[in-house]
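Trainee: Here it is, the structure in full.
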Amino acid sequence: MLSPVLLYYVLFHYMPMYGAVIAFKDYSPTLGVWGSAWTGFDHFIQFFNGPYFIRTLKNTLLISFYDLLFGFPAPIVLALLLNEIRLSWFKRAVQTITYMPHFISLIVICGMIKDFTSTGGLIATLVAWLGGPKESLLLLPEWFRTIFISSGIWQHVGWGTIIYLAALTTIDSEQYEAAKIDGADRWKQMRYITLPGIVPTIIIMLILDLGRLLNVGFEKIILLYNPSTYETADVISSYVYRVGLQEFNYSFSAAVGLFNSVINFGLVILSNYISRKANDTSLW
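So for the sequence shown, the UniProt record's numbering puts the first residue at 1; every next one is plus one.
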């Protein structure tokens with residue numbers, strides 16, 4: 001049963017790793033990976049000294065930080081709220097409605113965002129009515145991060161609650177009964193029983209999210225950004241896409257991507273180490 005999964009990871013995740021060597025070469029498709037000349041760390045130095053290093057790193061860190069700050073707690077809060085609902089039909093309706101955006105194609109999602117934030121769109125009209133600018137919000141650099149993060153929360157918050165709702169079912173109901181006898185209200189039950197009961201799950205999910213801190217979804221970025229918003233929207237992954245696939249500079253883009261992966265790997269190791277030392281909860 002495990003063989004198809006293992007085969008998938010070997011073929012599509014481990015075997016392609018040998019291609020990372022082109023980050024240290026002047027890769028030419030005609031010469032191949034091993035026939036191309038070695039350049040050492042020249043591409044890394046070029047990126048670090050280049051005009052876009054600070055901008056792409058800053059945008060990547062800011063978007064990732066805002067997503068972690070607002071997007072990570074959102075499914076936890078929704079799961080806690082759903083756990084307090086006693087009307088089963090209403091709970092199922094809310095779950096279904098919040099799950100639905102996750103299954104909509106990213107292309108469709110981005111098309112909806114563009115329509116809603118265009119000059120005559122619903123969100124742009126509402127913003128203008130509240131005193132904001134009367135123009136397409138995706139053309140304004142200061143609005144891009146807000147649109148990107150808020151739309152991501154709307155798209156994934158319902159799906160993210162599934163694992164937390166599953167964790168809530170493992171909490172012993174006798175703890176709630178004992179708390180009621182001791183006079184604990186719903187808020188205190190949530191604070192002293194529910195939240196501590198799902199803390200290990202929250203920590204594991206946080207470690208996994210920290211490992212993807214610099215992997216901002218470049219597909220969505222590419223579909224939404226434009227030259228007027230590069231200042232706040234251009235991230236490392238979108239820069240790799242432009243340099244590698246549009247400018248055919250494969251070695252340089254591989255070096256940038258490798259730098260991104262190494263930082264993410266280090267964040268996973270560090271966050272797992274801190275978590276294991278702090279409360280004995282870790283991935284390994």
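Just so it is clear, CB atoms sit at the ideal spot from N, CA and C, and this is done for glycine as well.
To the nearest angstrom, how far is the alpha carbon of Thr117 from that of Pro73?
Mentor: The straight-line gap from Cα to Cα measures roughly 25 Å.
Trainee: Between the C-alpha atoms of Ile107 and Lys114, what's the straight-line distance to the nearest angstrom?
Mentor: Their backbone Cα atoms lie some 11 Å apart in a straight line.
Trainee: Using the beta-carbon count (16 or more within 10 Å), is Lys134 buried or exposed?
Mentor: It is exposed - the Cβ of Lys134 has fewer than 16 other Cβ atoms within 10 Å.
Trainee: Tell me Asp26's beta-bridge partners as DSSP assigns them.
Mentor: DSSP, once it has assigned bridges, lists Ala37 as partnering Asp26.
Trainee: Tell me the rounded alpha-carbon separation between Val33 and Val10.
Mentor: Those two C-alpha atoms are separated by around 20 Å.
Trainee: By DSSP's criteria, Gly32 is part of a beta bridge. Which residues make up the other side?
Mentor: DSSP lists Ser28 as partners of Gly32.
Trainee: Roughly how far, in whole angstroms, is the beta-carbon of Leu78 from the beta-carbon of Val157, given that I think they are within contact range, below 8 Å?
Mentor: Confirmed, about 6 Å.
Trainee: Return helix, strand or coil for Leu223, following the three-state DSSP convention.
Mentor: Helix at Leu223.
Trainee: With distances taken from CA atoms, which of Phe252, Pro75, Val268 is nearest Gln155?
Mentor: Of the listed residues, the one whose Cα sits closest to Gln155 is Pro75.
Trainee: Alpha carbon to alpha carbon, how far is Leu224 from Pro141? Give it in angstroms, no decimals.
Mentor: About 12 Å.
Trainee: Taking one C-beta from the region 47–67 and one from the region 265–272 each time, how about it: are there three or more such pairs within less than 8 Å?
Mentor: As far as the Cβ criterion goes, the region 47–67 does not touch the region 265–272, which means the pair count is below three.
Trainee: Assuming Asp26 and Ser253 make a contact with CB atoms under 8 Å, what is their CB distance in whole Å?
Mentor: Their Cβ separation, rounded to whole angstroms, is 13 Å, which puts Asp26 and Ser253 out of contact at 8 Å.
Trainee: Count the other CB atoms within 10 Å of the CB of residue 286; is the residue buried (16 or more) or exposed (fewer)?
Mentor: No information on residue 286 is available, as it lies outside the stretch 1 to 284 that the chain covers here.
Trainee: Using 8 Å as the threshold, is the C-beta distance between Val216 and Ser105 below it?
Mentor: No.
Trainee: Starting from the Cα of Ser275, find the closest Cα among Pro16, Leu206, Ile147 and give me that residue.
Mentor: Of the listed residues, the one whose Cα sits closest to Ser275 is Leu206.
Trainee: Between the region 36–47 and the region 118–134, can you find at least three pairs of beta-carbon atoms closer than 8 Å?
Mentor: Cβ pair count under 8 Å is below three, so no.
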